[in-house]
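Participant:
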Amino acid sequence: MKTSSTISPVRGARGAPAVRNAPGAPTELLLEARSLNAWYGAAQILYDVDLDVRRGEVVALMGRNGAGKSTTLKALIGMLPKRRGEVRFMGHDISKTESHVAAKLGLGFVPEDRRIFTDLTVVENLEVGRQPPRRWADGTDVPPWSIERLFMLFKNLGEMPYRPAGRMSGGEQQMLTVARTLMGNPYLVLLDEPSEGVAPIVVEQMANMILELKTHGMSILLSEQNMHFAELVSDRAYVLEKGQIRFQGSMSELAGNEEVRRAYLSV
Ligand SMILES: Nc1ncnc2c1ncn2[C@@H]1O[C@H](COP(=O)(O)OP(=O)(O)O)[C@@H](O)[C@H]1O
Ligand SMILES: [Mg+2]
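Mapping to numbering that gives the first Met the number 0: the sequence shown position 41 is 40, numbers consecutive.
#1: What are the uninterrupted segments assigned as alpha helix (DSSP H) that are 4 or more residues long and contained completely in the segment 166-235, given in chain order?
#2: Label ALA164 either buried or exposed according to how many other C-beta atoms from any shown protein chain fall within 10 Å of its C-beta, with 16 as the threshold for buried.
#3: Does at least one heavy atom of ligand 1 sit under 6 Å from the Cβ of ASN339?
#4: Give the range of the alpha helix (DSSP H) segment to which MET250 is assigned.
#5: Report yes or no: do the segment 240-254 and the segment 204-213 share at least 3 C-beta pairs separated by less than 8 Å?
#6: Using three-state DSSP, classify ILE93 as helix, strand or coil.
#7: Got a sec: does ligand 2 put a non-hydrogen atom nearer than 6 Å to the Cβ of LYS68?
#8: With respect to the beta strand (DSSP E) encompassing ASN36, which residues constitute its N-terminal and C-terminal limits?
#9: Considering only residues of the same chain and omitting the five flanking positions on each side of ARG82, which have a CB-CB separation below 7 Å?
#10: How long is the line joining the alpha carbons of VAL109 and SER98, rounded to whole angstroms?
#11: Per the DSSP calculation, LYS81 is bridged to which residue(s)?
#12: If you reduce the DSSP assignment to three classes, tell me which class ARG134 lands in.
#13: Does ALA164 have its Cβ less than 7 Å from a Cβ in chain C?
#14: Straight-line CA distance for MET89 to GLY196?
#15: What does the Cβ neighbour count give for GLU192, buried or exposed, with the cut at 16 atoms within 10 Å?
#16: Classify TYR161 as helix, strand or coil using the three-state DSSP reduction.
#17: Can you tell me which of GLU203, GLY216, SER194 and ILE200 puts its alpha carbon nearest to the alpha carbon of SER222?
#18: Which class does GLU147 belong to by DSSP, given the choice of helix, strand or coil?
#19: In the DSSP output, what is VAL58 paired with across the bridge?
#20: Decide yes or no for the touch test of the segment 252-263 against the segment 149-159: beta carbon pairs closer than 8 Å, at least 3 of them.
#21: Determine the closest residue to ALA101 out of THR120, GLY77, LEU119 and ALA254, with distance taken between C-alpha atoms.
#22: In the structure shown, what three-state DSSP assignment does THR120 receive?
#23: Which partner residues does ARG87 have in the DSSP bridge list?
#24: Buried or exposed, going by whether 16 or more other CB atoms sit within 10 Å of the CB of SER249?
#25: Work out the CA separation of LEU156 and SER69 for me, nearest whole Å.
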């Protein structure tokens with residue numbers, strides 16, 4: 000069945016093959032990478048990575064330190080000097096575009112090095128991320144984020160609206176980076192190791208925040224090496240090793256596959 004952007008696709012087609020450019024379908028493909036290869040200088044880091052993220056999914060990109068998780072996220076948005084392969088986002092070919100193009104199309108990215116402005120306050124940092132509201136191609140609005148709405152989700156940020164970001168804890172800065180990305184009203188967020196280097200209490204807040212975003216229909220691709228965290232929040236998983244996808248499946252399949260977990264993860 001061919002579906003044009005003006006016809007509402009049939010509901011309940013979960014599990015059916017994804018139809019490209021079928022906005023609103025439960026299987027709507029947002030992000031698609033095919034044979035993605037990437038290099039730092041002469042060193043090839045990624046080898047023929049294939050991955051998909053559909054609307055409403057939380058997908059975990061897993062692997063040990065150095066497996067290529069961050070490189071994959073950067074390669075998807077075009078933050079690397081050299082990459083090859085196909086990357087499509089919402090039907091747009093972004094294989095050769097610079098990262099600002101992906102951002103403008105509504106592909107949010109939260110890098111592992113939190114790039115907040117330490118001299119600016121929480122509210123000012125959020126303002127920096129503001130982008131116009133967006134609409135799905137089927138005409139439904141992406142519920143726009145406002146500072147008020149974000150403060151309901153990130154209650155601790157709401158308690159320190161005028162604090163300079165440089166005077167916040169690492170966990171608070173992590174939350175602020177996520178919140179600032181949401182201010183861009185992305186269709187999909189790439190989240191690089193949200194649980195890394197923060198206190199256990201913040202890890203828990205991060206997990207709750209992701210689950211809450213999921214109930215708002217947000218689609219997320221997160222990189223993670225913490226199986227427990229990934230299991231809490233994700234629907235599906237890809238496992239990377241040495242820049243190659245070694246496993247893909249549902250989160251419960253991965254949880255039940257001890258061989259894969261032993262071979263490629265730290266659990
Ligand atoms: N800026 C860089 N220059 C050269 N090599 C890099 C750079 N960043 C990462 N690498 C190498 O690429 C590989 C994958 O790294 P990365 O994607 O950061 O892994 P992960 O995020 O899974 O820990 C590692 O071998 C790492 O040493
Ligand atoms: Mg990384």
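By construction, the Cβ of each residue, glycine as well, lies at the ideal position given by its N, Cα and C atoms.
Facilitator: With the structure as the only source:
#1: 169-181, 199-214 and 226-232
#2: buried
#3: Given a span of 0 to 266 for the chain in the structure shown, any question on residue 339 remains unanswerable.
#4: Note, MET250: alpha helix (DSSP H), 250-255.
#5: no
#6: Coil at ILE93, not helix or strand.
#7: yes
#8: From DSSP, the beta strand (DSSP E) with ASN36 extends over 28-39.
#9: LEU35, ASN36, ALA37 and ALA74
#10: 13 Å
#11: TRP38
#12: strand
#13: Included in the structure is just one protein chain, with no chain C present.
#14: 32 Å
#15: buried
#16: For TYR161, the three-state secondary structure derived from DSSP is coil.
#17: When C-alpha distances from SER222 are compared across GLU203, GLY216, SER194 and ILE200, the shortest belongs to SER194.
#18: helix
#19: LEU220 and ARG235
#20: Touching, no.
#21: GLY77
#22: strand
#23: GLU31 and ASP92
#24: exposed
#25: 26 Å
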